[in-house]
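Chemist:
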Amino acid sequence: MARPSKLTDAQWEKIGKRLLDGESAAALAREFGVSKANISARFSERIRNVKEAANQIVTAERSLSMLNVSEQIAARSLADRLKAISGHLAGAAEYGASTAHRLAGIANAKALEVDDAKPLDDKSRTALADIAVLSKMANEASQIGMNLLKANQEAVDAAARREVEQEGPAGREITVTLVAPKAPA
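The sequence shown lines up with residues 1 to 185 when you count with the UniProt record's numbering.
1. Can you have a look at Val58 and say buried or exposed, based on whether 16 or more other CB atoms are within 10 angstroms of its CB?
2. So, does the stretch 28-43 touch the stretch 60-72, judging by three or more C-beta pairs under 8 Å?
3. Ignore the nearest five residues each way along the sequence and tell me which others in Asp121's own chain have a CB closer than 8 Å to its CB.
4. Just the Cα atoms here: how many angstroms apart are Gly22 and Val156?
5. State the DSSP-derived secondary structure class of Glu71, mapped to helix, strand or coil.
6. What would DSSP say about Val34, mapped onto helix, strand or coil?
7. With respect to the alpha helix (DSSP H) encompassing Ala127, which residues constitute its N-terminal and C-terminal limits?
8. According to DSSP, is Thr59 helix, strand or coil?
9. Thinking Leu103 and Leu148 are a contact (beta carbons under 8 Å), I'd like their distance in whole angstroms, please.
10. Could you compute how far the alpha carbon of Ala27 sits from the alpha carbon of Ala151?
11. Report yes if the C-beta distance between Leu20 and Val50 is below 8 Å; otherwise report no.
12. Can you tell me the Cα-Cα spacing of Arg3 and Glu94, whole angstroms?
13. In three-state DSSP terms, what is Ala117?
14. Shortest alpha-carbon distance to Leu112 belongs to which of Met137, Arg161 and Thr126?
15. DSSP three-state label for Leu112, please.
16. Suppose you measure from the CA of Ala138 to the CA of Ile85; what does that come to, to the nearest Å?
17. Hey, out of Gly87, His88, Leu128 and Lys83, whose CA is closest to Ala107's CA?
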């Protein structure tokens, strides 16, 4: 287990803000009595993410300012609708996952009705049919959430591929080809 930090959460937060304001990690390390490596390990990715988000906001605002007023209104309206759709889909995914979980639990309880010694008697077959229906419904209920997770994973993979391409040797073009596994027959 890692050794507890000698700085409080408030002190670490202050360091993060000052790094964003452009102060050097070395100067902050001396001031707070911690190593520069410790500060870098804690903040380098977070600072990079904040700066990237800030640059994206600036780029979007520049693009928006190049539109006439009616186009700006249309772009903001579209962005608001897209955010609402995203929120609704996330809610649907959450409800779908909850429903899938509940249906899977009911199917699991139904499995107790199957007689292992006589799995094909009428009572067991009825229970198996119910399990099949409940399982199918649970799988269908989980699809929105699964699709959102898959889309997120694809975005993460694409970002990772871009990062690999950017870190390649200077002056060389790097092509990354991913092969999807074949679906079972």
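Here a beta-carbon is modelled for each residue, glycine too, at the ideal position from N, C-alpha and C. Here the structure is a predicted model, which means the values were calculated and not measured.
Modeler: Reading from the atomic positions:
1. exposed
2. no
3. Asp115
4. 28 Å
5. helix
6. coil
7. Asp122 to Ala141
8. helix
9. The Cβ separation is near 19 Å, so there is no contact.
10. 42 Å
11. yes
12. 37 Å
13. coil
14. Thr126
15. coil
16. 23 Å
17. Leu128
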